[in-house]
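**Q** In our numbering, the protein residues as written are 1 to 328.
(1) Among residues of its own chain, excluding the 5 on either side of residue 39, which ones have a beta-carbon nearer than 6 Å to its beta-carbon?
(2) Among 208, 153 and 232, which residue has its Cα nearest to the Cα of residue 185?
(3) Using the Cα positions of residue 123 and residue 89, report the straight-line distance between them to the nearest angstrom.
(4) Could you give the distance in angstroms between the alpha-carbon of residue 266 and the alpha-carbon of residue 61?
(5) Leaving out the 5 sequence neighbours to the left and right, which residues in its chain are closer than 6 Å to residue 98 when beta-carbon positions are compared?
(6) List the endpoints of the continuous alpha helix (DSSP H) containing residue 18.
(7) Have a look at residue 244 and residue 269 and give me their C-alpha separation to the nearest angstrom.
(8) Using the C-alpha atoms, what's the distance from residue 71 back to residue 63?
(9) Since residue 46 sits in a beta bridge, which residues does DSSP pair it with?
(10) What does residue 314 pair with, by DSSP beta-bridge criteria?
(11) For residue 276, does the count of other Cβ atoms within 10 angstroms reach 16, so buried, or fall short, so exposed?
(12) Once DSSP output is grouped into helix, strand and coil, what is the label at residue 116?
(13) In the DSSP output, what is residue 140 paired with across the bridge?
(14) Counting only runs of 4+ residues fully inside the region 220-257, write out the alpha helix (DSSP H) ranges in chain order.
(15) Along the chain, where does the alpha helix (DSSP H) that runs through residue 303 open and close?
(16) So what's residue 62 in DSSP terms, helix, strand or just coil?
(17) With a cut-off of 8 Å on the beta carbons, I'd call residue 271 and residue 309 a contact; round off their distance for me.
(18) Would you report the Cα separation of residue 164 and residue 95, rounded to the nearest angstrom?
(19) According to DSSP, is residue 72 helix, strand or coil?
(20) So the alpha helix (DSSP H) residue 163 belongs to, where does it begin and stop?
(21) Nearest CA to the CA of residue 233: which residue from 120, 311 and 264?
(22) Starting from the C-beta of residue 85, find all residues in its chain whose C-beta is less than 7 Å away, skip the five residues before and the five after it, and write them out in chain order.
(23) Suppose the cutoff is 8 Å on Cβ atoms and the five residues either side in sequence are ignored; what does the same chain contact list for residue 77 look like?
(24) Indicate the three-state DSSP secondary structure (helix, strand or coil) for residue 27 in the structure shown.
Here is the structure:
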């Protein structure tokens with residue numbers, strides 16, 4: 001008898017057809033959400049320097065871009081707004097004629113089938129760049145902020161948002177928003193909660209894209225410590241209890257263990273945000289010829305899906321949709 005193992009694992013790796021037959025994780029265009037930026041004080045799309053291929057859009061260019069997103073089969077976009085005016089309470093975030101509210105209306109008029117998600121936070125709209133109202137000592141006032149987050153969510157629902165996505169990491173934000181939506185007859189509008197949002201160094205390019213860098217201090221007083229995973233489970237559990245329909249882990253690549261643990265523990269749909277810094281690193285390495293961008297991106301998003309994400313928010317979404325179509 002031969003001493004060689006009878007179970008030859010390579011048998012099922014020999015051809016592309018065999019590999020497809022036993023593939024365990026499938027990335028689909030239906031898994032993708034495309035984050036987009038719309039700005040009030042520009043008259044043409046402006047490329048974001050550290051995020052090649054990603055733009056701050058005008059309302060007109062946003063609608064045009066959304067149409068191409070829909071044609072690719074991507075089911076949803078997430079909107080971030082950059083207002084022309086900022087103040088201490090981020091009033092343009094919840095204004096009925098705010099830039100995101102106007103963008104939602106424009107998109108829904110052009111594309112009825114595409115799901116539009118409104119980011120519910122204050123950092124893009126406040127003059128100080130924090131995610132809530134500041135007290136005199138520079139600490140964010142959690143409970144006063146809840147009122148404005150709820151008002152923002154209702155204003156986005158008024159405009160036609162399909163989903164609202166609170167990202168401020170205020171205690172009780174999901175419950176406050178759920179109550180406000182229900183009280184205004186938006187009980188059918190789902191909440192996608194940024195439940196485990198870490199105080200991450202991977203957000204740098206986003207803060208330039210959204211013009212939302214804090215003017216003093218940082219966000220470690222309300223975003224999570226990157227060292228903690230059990231805390232993330234408590235955050236997710238709390239958001240589900242308060243009424244979250246989808247929960248999120250952000251960022252993705254350095255937190256695959258958090259995604260995996262959340263998937264094992266909860267049966268609520270789970271999103272993962274492949275954030276700006278993760279995107280920019282790939283773009284920079286690709287521009288220098290150090291990596292194969294397509295293969296790296298597909299491997300990365302497959303890894304996020306394999307870890308347990310049901311939905312992936314990624315600035316690579318359009319490219320991935322095109323590559324998946326080519327593979328079909």
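For every residue, glycine included, the Cβ atom is placed at its ideal position computed from N, Cα and C.
**A** Based on what the coordinates show:
(1) 56 and 82
(2) 153
(3) 10 Å
(4) 39 Å
(5) 92
(6) 16-21
(7) 10 Å
(8) 12 Å
(9) 56
(10) 274
(11) buried
(12) strand
(13) 134
(14) 230-242
(15) 293-307
(16) helix
(17) 6 Å
(18) 15 Å
(19) coil
(20) Segment 163-166 is the beta strand (DSSP E) holding residue 163; no alpha helix (DSSP H) there.
(21) 264
(22) 92
(23) 33, 34, 35, 36, 66, 69, 107, 114, 115, 116 and 117
(24) coil
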